[in-house]
Amino acid sequence: MKTLLGGKGANLAEMNRIGLSVPAGFTVTTETCAAFHENGGELPAGCWDEMLEGLAFVEKCMGKKLGDASDPLLLSVRSGAAVSMPGMMDTVLNLGLNDDVAEGLAAKAGEKFAYDSYRRFLDMYGDVVMGIEHHLFEHQIDSLKKEVGVAQDNELTAEHLRELVKRYKKVYEAEGKMFPQEPLEQMRLAANAVFDSWNSDRAKKYMAINQITGLKGTAVNIQAMVFGNMGETSGTGVCFTRNPSTGENLLYGEYLVNAQGEDVVAGIRTPEDILTMKTALPQAYEDLVRNTQLLEKHYKDMQDIEFTVQEGKLYMLQTRSGKRTGAGAVKIAVDLVEDGMIDRQRAVQIVEPTHVDQLLHPQFKDESAYAADVIGVGLPASPGAAVGQVVFDTETAEELNAQGKKCILVRVETSPEDVGGMNAAEGILTARGGMTSHAAVVARGWGKTCVSGCSELVVDEENRWLSLGGVKLHEGDWVSLNGTTGEVIRGQVELAPPAISGDLDKFMTWVDEFRRLKVLANADTPEDAKTARDNGAEGIGLVRTEHMFFGTGERIMAVRRMIMAADTATREAALTDLLPYQREDFEGIFRAMDGCPVTIRLLDPPLHEFLPDGDLDEIVAMLSADTGADEHEVVERIEKLAEINPMLGFRGCRLAITYPEIGRMQVRAILEAAVAVQAEGKVVIPDIMVPLVGTLEELRDQTAMIRETAKAVFEEKGAEVAYRIGTMIEIPRAALMSDQIATEAEFFSFGTNDLTQMTFGYSRDDVSKFLPTYLERGILKHDPFQVLDQAGVGQLIETSVQRGRATRPELKVGICGEHGGDPSSVDFFHRKDLDYVSCSPFRVPIARLAAAQAALNN
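Residue 138 in UniProt numbering is what sits at position 138 of the sequence shown, and the numbering runs on without skipping anything.
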C-alpha cells in the first residue's frame, strides 16, 4: 500500500478502516507522480476526471461543495512518499477560498476565522504553487503586527486580517502573479505543485543524505479540511505515543489552541505541552489517548500522530512510524518486547543501524564542569552532545564540513531549505520552535543534537552574530549544546566516549542471535583492539602494520633510516631496531583478542609516505640529521622514491619482494609475539595477509618467505603457533584469477577501498573534485567509497568468491574496507556468502545489527 499510496495515504486509509475519525478524502498515487514527470509536468490522460470523481465523493461525505459560498468545502492538499521525509515536500491548506467564499465563510463561521484561513491560504498557495518567496508574506504580517501593537498572530482582529488579505494580494501583484479565484483550478495547480516538489532541491538533498532510492514519487492526498483555528475549543497538535528522545512510555507532544497545523511544526508560535490539553480540551484529550494506544497496538511500533480538534471534536490527520533517537529506538524496542507486543526478531528489525551509531557518539565528560559557562537553556529537542563553531547558514556549514571542521547551525527557525546545513552541522540551535518543530523532528531522525525554542536567543543572521545570556558570539566562535538538558554553553566542552550498557547491551545480545556474518574490526593498536572487543568484535580483520611506525619519534626515525639505507646491511640494522616495537604491539593485540583471529597485513604503503612533509631543503636537513646520511645522498634517495602514481607504484607485496628483509622482520615480529602470548596461556590465532597481490607468482614468493621465517622462529623458540597465510584481494586481476591464487591463499580479504579505486579508476584522495557533481546529476547514486558499488565492484567480489572456493572449498572470505560498516553493503556481503566483515572499532555494533537484519531480510 505504501508503495502506491505513500505512507500518509496508506495510513489514512488504515486509520479509516479501523474506525478512527478521519476527514473524507482521496489519494492520487505515486505512479501518477511518475507519469506526471514522464509527461513533462502534465497529469496523465484521464487523471483529472478521476480526481473530480474523488472530489464528488468528498463533497457527498461532508455535505458541502467546493466553491459554494453559502456552505463551502475547503481542502488540504498534502504530499506523502512511501518513505517519511518530514517537511521536504509541499502542502497546501484551506484550498477553495476566494473572495466570495471568504465572505460566505465569514457569515457562517465568523469573520476572524474566515479571514485568518484566507490569509493563510494566500501565503501558502503563493509560496508552494506560485513560486512567491514566503518571506514576502512574513514581512507583511510582521509589519502589520508592529503597526497595531500585537506580538502573536492570533491577537490580530478580524479587521486586521481583512487588511492582511489585501496586503497579501498586493504581494501577488508586485510579483506579477495572478491568484486564481476558481477553486477547481486551485486544486489542479496545487496537485501539480506537490508532484513538482518531489524534484525540489531540498527533497533531492534529503534523499541523497538518507540514501533513499528507487521510489516512484510522492502521492497527493486531497482531504476535507478540519479547522483548529475556530476559537478556544479548537486546536491542532503533533504527538508521539512514546517519548522519541528517551523512549519513555508516555504520550509526548505539543498542541496549540486556535491554530492550524503549520503553526506547530514551523515554530511560528511556541506550543503547549500535550499534557496540558487534558485540562484545556478534556474530552478531545481522552479520545486522543484512546486513539494513540489503539494505533500503537495496531502498528506494533511507536507512532507519530497529527491531529486537529474542531470545536471539541477530535480528527486524526496522520499516523506514521515515529522518528526517534538512538536511545529512544533501543528502549522502545526492548520495552515492546518485554510488554509482549512484539518478539525479538521484530525488535531487531525496527531499530536502524544509524540508531546504534548515535548511541556510540560521545557525550560530555563532566556536565558539572561547564556550569559557569551555560549562557542559556532551550528545549531539549534531540539529545546528545555537540561542539562546534557558530554558523548561520547552510552554505557556511557545508563549507566547514567539507574542510573537516565542526560547526553548530544557529537559526531563528529552520525550514526544509536548511537540510544540507543541518546534515553538515554537529548540532542545531534555534530561537523559535517546539519539540515537534521542523528542526526537532529532522534532528532526531538524523541523531543530531538539537536545542530548539531558546526564546531568549537573539540571532542576527545578516551581521553574523547571536546574543544569549548577556554573551555575544560571532560566526566562528565556539559553542557547545547539551541536547539532553537544552543547555547552551559558551566554548568547547570536553567530550568522552560512550559505552555499551543497559538496554543497548541487552538489545545487542538479541542482534547476535540472528546474524550469520561474523563481525571483526580494523585495529592497529592494543587500545583499538580492546575497544573493538568491548564493542563485540569477534576478531581483527585488518591490522595495518604501517600505522605502528608512527607511534613514537624513535619508531619513525628507525623507519626513515631503513628507507635511506644504501645497502641491505644498513637496512637490516634499522629493521632490527623496529622489531621490538612491532613485536610489543602484536603482543598487546593478541592479548586483547584472546581466542579470536587477528589478521595482520604486511607493509602496504609506498615508502615516501613515511618521509616528512614540508620544504624540500628542510626535509633533506631533517633526514640527514635523523639518519646520518649525507644531504646529497638524501636528495638522491628522495628522487629515487618519487613516483608519478604512487597508488599503482612501489608498494604492497612489491616492497617485500624487492626488500625481503622488510617482510622477514614483520613476520618474525608477528610470530615471536604469538609464541610469547601463547606461552601465557592465551589462545592466539594469527592470520598473515599479503597485500596488493596481482599474480600467483607474487603470492608464492611471499608465502615461501613467510614459511621460511616461521620455521626459523619456531626452531629458535622451541614452540609453534598455528597460522594461516592469505591475501588481500584489491586488484581486479587478483579477483579474476582467484581460482589460481586460492592454490596458495588460505583466506581472502577484500580490500574494497583499493578495489573500488582500481575498478573505477578513481583516486580516493582526488575524487572530491568531481564526485559532488556526479551525485547531484545522478551519474552516481552513491559515493562508491562509502556504499559498495554492487554492480561493478560487487561483481568482482562475487566472481572471486566463487572461483576461490571452487579451488579451496574451505576458503575463509571476508572484507576489510570501510564498506564493512555500511548497512547496505553488509547486506550484499551476507547474500554473497562471505564469512565476515571487518570495520572500524566504533562501527562494530552497527555492522552487527546490519548483519542480523540482512539475515532476517534474506
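Glycine included, each C-beta is placed from N, C-alpha and C at the ideal position. Computed from a predicted structure; not experimentally measured.
- Judged by their CB atoms, M728 and M758 are not nearer to each other than the 8 Å cut-off.
- Counting of Cβ neighbours within 10 angstroms places H474 among the exposed residues, the total staying below 16.
- Taking the Cα of L468 as reference, the smallest distance to any Cα among G726, V374 and A34 is reached at V374.
- L256 and D153 have their C-alpha atoms spaced approximately 12 Å apart.
- The alpha-carbon separation between L409 and A190 amounts to approximately 32 Å.
- According to the DSSP assignment, Y836 belongs to the beta strand (DSSP E) that extends over Y836 to C839.
- Excluding sequence positions up to five before and after T414, its CB lies within less than 7 Å of the CB of M422, I428, T430, H438 and A439, all in the same chain and listed in chain order.
- Between L93 and S76, the C-beta gap is smaller than 8 Å, which places the two residues in contact.
- In the three-state DSSP reduction, W48 falls in the helix class (H, G or I).
- Closest by C-alpha distance to A674, out of G588, G751 and V801, is G588.
- For N482, the enclosing beta strand (DSSP E) covers residues W478 to N482.
- Closest option to L281, judged by alpha-carbon separation, among D116, E254 and E232: E232.
- The DSSP-derived three-state label of C239 is strand.
- In terms of Cβ geometry, T752 and V813 do not form a close pair [threshold 8 Å].
- Fully contained in the segment 24–112 are the following beta strand (DSSP E) runs of length 3 or more, in chain order: 25–28, 75–80 and 91–95.
- Annotation: the continuous alpha helix (DSSP H) that includes R290 extends over P282 to Y299.
- Proximity to D604 across K278, D534, G6 and C653 peaks at C653, based on C-alpha coordinates.
- Judged by DSSP in its simplified three-state form, I670 adopts helix.
- Taking a cut-off of 8 Å for Cβ pairs, the segment 824–843 and the segment 511–520 touch, as three or more such pairs fall below it.
- Contact holds between the segment 815–823 and the segment 779–793, because three or more Cβ pairs, one in each stretch, are under 8 Å apart.
- Within the same chain, T325, G328 and P383 come within 6 Å of S245 by CB-CB distance, once the 5 residues on both sides are set aside.
- In summary, Q795 is exposed, with fewer than 16 beta-carbon neighbours lying within 10 Å of its beta-carbon over all protein chains present.
- In this structure, the beta-carbon distance from S749 to N522 does not fall below 8 Å.
- Along the length of the segment 532–572, whole beta strand (DSSP E) runs at least 3 residues long occupy 540–544, reported in chain order.
- For Q358, the closest alpha carbon among the candidates V844, A851, H782 and A855 is that of V844.
- Within the same chain, no Cβ atom closer than 7 Å to the Cβ of R290 is found once the five residues on either side in sequence are excluded.
- For A82 against K2, the beta-carbon gap comes to about 5 Å, under 8 Å, which counts as contact.
- A distance of 8 Å or more separates the beta carbons of V220 and P23.
- Here the alpha carbons of S234 and M124 stand approximately 21 Å from one another.
- By the 16-neighbour rule on beta-carbons within 10 angstroms, V493 is buried.
- Annotation: the continuous beta strand (DSSP E) that includes P686 extends over I685 to V690.
- When Cβ pairs closer than 8 Å are counted between the two stretches, the segment 774–785 is seen not to touch the segment 316–323, the count staying below three.
- If you draw a straight line from the Cα of D754 to the Cα of Q582, it is about 25 Å long.
- Counting of Cβ neighbours within 10 angstroms places N258 among the buried residues, the total reaching 16 or more.
- Annotation: the continuous beta strand (DSSP E) that includes Q318 extends over K313 to S321.
- Note on geometry: alpha-carbon atoms of L400 and A424 lie some 8 Å from one another.
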